[in-house]
Ligand SMILES: NC(=O)c1ccc[n+]([C@@H]2O[C@H](COP(=O)([O-])OP(=O)(O)OC[C@H]3O[C@@H](n4cnc5c(N)ncnc54)[C@H](O)[C@@H]3O)[C@@H](O)[C@H]2O)c1
Ligand SMILES: NC(=O)c1ccc[n+]([C@@H]2O[C@H](COP(=O)([O-])OP(=O)(O)OC[C@H]3O[C@@H](n4cnc5c(N)ncnc54)[C@H](O)[C@@H]3O)[C@@H](O)[C@H]2O)c1
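Residue numbers (my numbering), protein chains in the order written: chain A, 910 to 1110; chain H, 910 to 1110.
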């Protein structure tokens, strides 16, 4: 299949192309996409080959057609649902952000161990006590987890989610997770990224 | 110098080792660090070589000594200051999180174009109108920027920060930034990470 780094770049290209459609641009060359995406025309052409798309060298790529083609890659994943665990500072920022957008996957449930937070709804997303995690994930067919709990709880909550039916986790806790080989895990370590930027400047 | 990926891993090792000190662990082998960090013993040994550190194969690494050695790498960057621009959902989550920790770099100023947000303080961090960005960055000697503004404002705010004296930026806006070669930029694209995890699971 398509490598992870290619998928990330295709998502970026699609976002840049959507911006162009709004400006009425109909055609674009690979070097123009590359300039906006801060990479090379050759990289853009290679990425589009990964989804079997080649342009007309004279005119370039038809923006609408290219967006449709990138969307095709995500077609079979259209209705995926996500759960967020840990309705704290970061969790609330993420729920507030994604509530405004028709982003995929849709965040359909949020959980917290604090009874005051694990009830009602936040930014339109139903909130549940963490004790209900297994049954809600199974009931709603949730396959993606967003982990915004403190580091000490990251592993036990992960174990719970994977048993309940989640297959992919985006982890914001600053601790590496132990997961089975079939699980898809990506980490966002904000503190480390910040320290790294500071180190090099 | 030390490559960026190595710096990220050394920051992670230090965090894991600090956790061990709290548990009273005095020595650790490279394979034990690797197991916690989800990588290989060879990778750990290579990373520690980058800071000129070798252990005693029989006993392993002395945890306290190793932490001091990793800290030495960051020594000359001890007093760096950071500014956050865009005191919205994500900006407030970041200010709230770092206020509690003696994290480096210290976030010493926050800015917003909304007059209601660009005043007073949030989580102990002084807040200013974005018009004051250039003067505050120059006055306080701020070298790191955290960008949590909407995508449309990311580039103009970046230009402003770099002119004022910032040399490194952690960008949360979902848009690639154009910066001079000397600037250090890292991006955190939460929406793309989430879409990628969903794609593969
Ligand atoms: N806020 C940031 O900008 C930021 C920056 C870097 C890293 N992080 C990491 O992101 C995670 C969340 O950070 P935060 O600032 O939102 O913390 P927070 O303390 O504000 O929120 C954590 C939430 O998780 C809930 N929780 C705790 N244990 C739980 C459990 N077992 N099951 C379900 N919910 C549980 C708490 O009740 C709380 O609502 C942490 O791991 C933190 O290290 C956050
Ligand atoms: N909240 C999230 O979890 C999340 C997820 C993915 C991406 N992002 C990205 O992070 C950024 C911030 O997102 P958010 O959810 O906090 O948005 P937000 O709208 O809640 O906050 C943005 C803040 O920036 C301020 N602002 C706007 N223009 C400015 C300017 N020129 N100078 C200074 N301040 C300015 C606004 O007044 C507001 O306070 C956006 O680029 C967004 O796409 C956020």
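A virtual CB, placed ideally from N, CA and C, is assigned to each residue, including glycine.
Of the listed residues the options, nearest to residue i (C-alpha basis)
i: residue 1034 of chain H; options: H:1022, H:1089, H:1028, H:1018; result: H:1018
i: residue 982 of chain A; options: A:948, A:1041, A:960, A:967; result: A:960
i: residue 1091 of chain A; options: A:985, A:1063, A:1000, A:1076; result: A:1076
i: residue 966 of chain A; options: A:918, A:976, A:941; result: A:941
i: residue 1042 of chain H; options: H:1098, H:929, H:926, H:1072; result: H:1072
i: residue 1056 of chain H; options: H:1081, H:1074, H:1065, H:1038; result: H:1081
i: residue 973 of chain A; options: A:929, A:1000, A:1007; result: A:929
i: residue 991 of chain H; options: H:1106, H:919, H:1051; result: H:1051
i: residue 1087 of chain A; options: H:931, H:910, H:976, H:948; result: H:948
i: residue 997 of chain A; options: A:1054, A:1006, A:1059, A:944; result: A:1059
i: residue 975 of chain H; options: H:1078, H:937, H:1064; result: H:937
i: residue 1032 of chain A; options: A:1000, A:968, A:1022, A:912; result: A:1000
i: residue 1141 of chain A; options: H:931, H:1108, H:925, H:1102; result: Nothing in the structure corresponds to residue 1141 of chain A, since chain A is present only between 910 and 1110.
i: residue 933 of chain H; options: H:971, H:1104, H:994; result: H:971
i: residue 989 of chain H; options: H:1022, H:968, H:1053; result: H:1053
i: residue 968 of chain H; options: H:944, H:1100, H:935, H:1094; result: H:935
Contacts that residue i makes with chain A (C-beta to C-beta distance below 7 Å)
i: residue 1052 of chain H; result: 1110
i: residue 989 of chain H; result: 1107
i: residue 979 of chain H; result: Ordered by position in chain A, no residue passes the 7 Å Cβ test against residue 979 of chain H, which lies about 11 Å from the chain.
i: residue 1079 of chain H; result: 1102, 1103, 1106
i: residue 971 of chain H; result: What residue 971 of chain H touches in chain A: nothing, since even the nearest Cβ is about 23 Å away.
i: residue 1069 of chain H; result: Those do not exist, as residue 1069 of chain H stays about 17 Å from chain A at its closest Cβ, beyond 7 Å.
Contacts of residue i in chain H (Cβ-Cβ under 7 Å)
i: residue 1101 of chain A; result: 917, 920, 921
i: residue 947 of chain A; result: 1085
i: residue 1097 of chain A; result: 1097, 1099, 1102
i: residue 937 of chain A; result: Within chain H, no residue comes near residue 937 of chain A; the closest Cβ sits about 15 Å away, beyond 7 Å.
8 Å Cβ cut-off: residues of chain A touching residue i
i: residue 984 of chain H; result: Here the premise fails: no neighbours, minimum Cβ distance about 11 Å.
i: residue 1093 of chain H; result: 1106, 1109, 1110
i: residue 1046 of chain H; result: By Cβ distance, chain A contributes nothing, its closest Cβ being about 13 Å from residue 1046 of chain H, past 8 Å.
i: residue 1076 of chain H; result: 1110
i: residue 1025 of chain H; result: Simply none; closest approach about 17 Å.
Residue span of the alpha helix (DSSP H) that contains residue i, given as start and end
i: residue 1047 of chain H; result: 1042-1049
i: residue 1015 of chain H; result: Looking at the DSSP string, residue 1015 of chain H is not in any alpha helix (DSSP H); the run it does join, the beta strand (DSSP E), is 1015-1021.
i: residue 990 of chain H; result: No alpha helix (DSSP H) contains residue 990 of chain H, which is instead part of the beta strand (DSSP E) from 990-994.
i: residue 957 of chain A; result: 950-959
i: residue 1059 of chain H; result: Residue 1059 of chain H -> no alpha helix (DSSP H), and no H or E assigned at all.
i: residue 1106 of chain H; result: 1099-1109
i: residue 910 of chain H; result: Unbroken run through residue 910 of chain H: none, as it is neither H nor E.
i: residue 987 of chain H; result: Residue 987 of chain H -> no alpha helix (DSSP H), and no H or E assigned at all.
i: residue 940 of chain A; result: 939-946
Cβ neighbour criterion (16 or more within 10 Å) applied to residue i
i: residue 939 of chain A; result: buried
i: residue 980 of chain H; result: exposed
i: residue 1068 of chain A; result: exposed
i: residue 1026 of chain H; result: buried
i: residue 963 of chain A; result: exposed
i: residue 956 of chain A; result: buried
i: residue 1098 of chain H; result: buried
i: residue 1011 of chain A; result: exposed
i: residue 1009 of chain H; result: exposed
i: residue 1029 of chain A; result: exposed
i: residue 1040 of chain A; result: exposed
i: residue 1089 of chain A; result: exposed
i: residue 1063 of chain A; result: buried
i: residue 995 of chain H; result: buried
i: residue 1070 of chain H; result: buried
i: residue 1107 of chain H; result: buried
i: residue 1104 of chain H; result: buried
i: residue 1024 of chain H; result: exposed
Partner residues on chain H for residue i, Cβ-Cβ distance less than 9 Å
i: residue 1014 of chain A; result: 1103, 1104, 1106, 1107
First and last residue of the uninterrupted beta strand (DSSP E) at residue i
i: residue 998 of chain H; result: First-last for residue 998 of chain H: 998-1009, but that is the alpha helix (DSSP H), not the beta strand (DSSP E).
i: residue 1054 of chain A; result: 1053-1056
i: residue 1079 of chain H; result: 1077-1080
i: residue 1096 of chain A; result: 1093-1096
i: residue 962 of chain A; result: Run containing residue 962 of chain A: none; DSSP gives neither H nor E here.
i: residue 1035 of chain A; result: 1034-1038
Within chain H, the residues that residue i reaches when beta carbons sit closer than 8 Å
i: residue 926 of chain A; result: Going along chain H, no residue has its Cβ under 8 Å from residue 926 of chain A, so there is no contact; the nearest lies around 13 Å.
i: residue 1055 of chain A; result: 1103
Under 9 Å by beta carbon: chain B residues contacting residue i
i: residue 996 of chain H; result: Among the protein chains of the structure shown, namely A and H, there is no chain B.
Interface residues of chain A facing residue i [CB-CB closer than 9 Å]
i: residue 913 of chain H; result: 1105, 1108, 1109
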